[in-house]
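So for the sequence shown, our numbering puts the first residue at 423; every next one is plus one.
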Amino acid sequence: MLRFREYVKAESLEEAYEKNQKKSARVIGGMLWLKMQNRTIQTAIDLSGLGLDTIEETEEEFRIGCMVTLRQLELSESLNAFTDGAVASCVKPIVGVQFRNLATVGGSIFGRFGFSDVLTLFLALDSYVELYRGGVISMAEFAAMEPDRDILVRVIVKKTPGRVVCLSHRNTKTDFPVLTCAVRLAEDGRNLAVFGATPARAKTYPVSEEWLQKFTGADEEKKKVMAAEFVSQVPTGSNIRAGAGYRSHLAAVLFRRGLTELMEKGGSRS
Numbered sequence: 423m424l425r426f427r428e429y430v431k432a433e434s435l436e437e438a439y440e441k442n443q444k445k446s447a448r449v450i451g452g453m454l455w456l457k458m459q460n461r462t463i464q465t466a467i468d469l470s471g472l473g474l475d476t477i478e479e480t481e482e483e484f485r486i487g488c489m490v491t492l493r494q495l496e497l498s499e500s501l502n503a504f505t506d507g508a509v510a511s512c513v514k515p516i517v518g519v520q521f522r523n524l525a526t527v528g529g530s531i532f533g534r535f536g537f538s539d540v541l542t543l544f545l546a547l548d549s550y551v552e553l554y555r556g557g558v559i560s561m562a563e564f565a566a567m568e569p570d571r572d573i574l575v576r577v578i579v580k581k582t583p584g585r586v587v588c589l590s591h592r593n594t595k596t597d598f599p600v601l602t603c604a605v606r607l608a609e610d611g612r613n614l615a616v617f618g619a620t621p622a623r624a625k626t627y628p629v630s631e632e633w634l635q636k637f638t639g640a641d642e643e644k645k646k647v648m649a650a651e652f653v654s655q656v657p658t659g660s661n662i663r664a665g666a667g668y669r670s671h672l673a674a675v676l677f678r679r680g681l682t683e684l685m686e687k688g689g690s691r692s
């Protein structure tokens, strides 16, 4: 059972930051993974009163508040139009609608969970996090950091031309993913693949234009071989959901499927 000794509904980010500097404090987000713990938290910090539950769009970017729910991502017409539905397809397999109505973007990203579909998706996009004290840093840099006591304010997605697809494999519906994979083909040539739930946290791998051209011109059997060779650089491990060998096999399959889907859609967008 999870217990709180003090509940604080922050009136400002400064107050939330100051309260969060004690190791006994915790920003509670959507209270889904946290409530499963058996511990006592001295101070629970609620950010729900700070107006950070909206998705804002400008000509250059999307600004997604940390209290935006996964359901809001799933239903966002503008985000899904920009990503050709990749956002919705990424979050839809996560448990169920009731869960996604509570789980927040901030909690999903700040936790840097290995099983996070959400982190896999945003690593594939040209995205950044805005930290209260740490400022704006790239999602890749943030994902590689160890958790600290800063406050994640919002996620920023730049409207960099490109096309993305997000795939996952689960042993059963609503379960944690056995493996997640996102692929992005960009007009500026910064193509990449992201693999998560390996079972470690998601990590990005560049896909060179030269490799991509060879893959495009190959037959199906050669594509399978090339995909398997590419994912050989992705370290995988074993846990109760799958063994390392099976994860490596899945990585090659999902990577090849993702590339095929993007190429069938035209490869990149303007």
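Even for Gly, the Cβ is constructed at its ideal location relative to N, Cα and C.
These numbers were taken from a predicted model, which means no experiment stands behind them.
Shown here, Tyr-668 sits in a helix according to DSSP, grouped into three states. In the displayed model, Val-430 falls within a strand according to three-state DSSP. Contact between Val-509 and Leu-454 is ruled out by a C-beta separation of about 19 Å, above the 8 Å threshold. Restricted to the region 439-508, the alpha helix (DSSP H) segments that are unbroken, complete and at least 4 residues in length are 492-497, 499-504, listed in chain order. Per DSSP, the continuous alpha helix (DSSP H) segment holding Val-540 begins and ends at 539-546. In this structure, the beta-carbon distance from Val-579 to Phe-532 does not fall below 9 Å. Residues Pro-621 of the same chain have their beta carbon placed closer than 7 Å to that of Asn-661, with the five preceding and five following residues left out of the count.
Residue state for Val-656 is assigned as coil, using DSSP reduced to three classes. The Cβ atoms of Ala-546 and Ala-604 sit closer than 9 Å to each other. In this structure, the CA atom of Met-567 is about 14 Å from the CA atom of Glu-552. Exclusion of the five residues before and after Val-629 leaves Asn-613, Leu-614, Ala-615 as the residues of its chain whose Cβ lies within less than 7 Å of its Cβ. No Cβ-Cβ contact shorter than 9 Å links Cys-512 with Arg-576.
Arg-555 and Ala-466 have their C-alpha atoms spaced approximately 20 Å apart. DSSP places Ser-549 in no alpha helix (DSSP H) but in the uninterrupted beta strand (DSSP E) bounded by 549-553. Restricted to the region 600-639, the beta strand (DSSP E) segments that are unbroken, complete and at least 3 residues in length are 601-608, 614-618, 625-628, listed in chain order.
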